[in-house]
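Using our numbering, read the sequence shown as starting at -2 and increasing by one per residue. Glycine included, C-beta positions come from ideal geometry on N, C-alpha and C.
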Amino acid sequence: MESTLGKLAAANPAPGRDAVMEAFTSAGFPADAVEVSADRTPTGLDVDSIQAAAVHDGECIFGEVRDGAATVTVLPPLSDGSCFVGN
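Rendered as structure tokens:
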């Protein structure tokens, strides 16, 4: 995941939801298992960073792209089995 997100961040320092979803699915996560944050604010501005997560082997694999840098973190899932709170 680090390599895939790193390549995405290098090619596009501020990717949108679709590009982040594609990075996760190309890394082998099923699209219906990937949660991606918003890429625009409610007022229509670009977000400072975008995050995505998917459950793998009982843990959430979180990826974030901010200013052309990618970070991957592993955290436990929420009590409902998801990685993100809310929509």
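Extent of the continuous beta strand (DSSP E) run through residue i
i, result
"VAL31", "31 to 33"
"SER46", "46 to 53"
"THR1", "Premise fails: THR1 lies in the alpha helix (DSSP H), -1 to 8, not in any beta strand (DSSP E)."
"CYS57", "56 to 63"
"VAL69", "66 to 72"
Reduced DSSP category for residue i - H, G, I as helix; E, B as strand; rest coil
i, result
"VAL17", "helix"
"THR22", "helix"
Residue i and residue j closer than 8 Å at C-beta
i, j, result
"VAL89", "VAL33", "There is simply no residue 89 to check, as the chain begins at -2 and stops at 84 in what is shown."
"PHE59", "LEU72", "yes"
"ALA11", "ASP54", "no"
"ALA20", "LEU2", "yes"
CB contact check: residue i to chain D, cutoff 8 Å
i, result
"LEU5", "In summary, chain D is missing from the structure at hand, where a single protein chain is found."
Flag this pair as touching only if the stretch 46 to 56 and the stretch 25 to 32 have three or more C-beta atom pairs under 8 Å; answer yes or no. yes
Please confirm if the stretch 65 to 73 is in contact with the stretch 34 to 45, defined as three or more CB-CB distances below 8 Å between the two stretches. no
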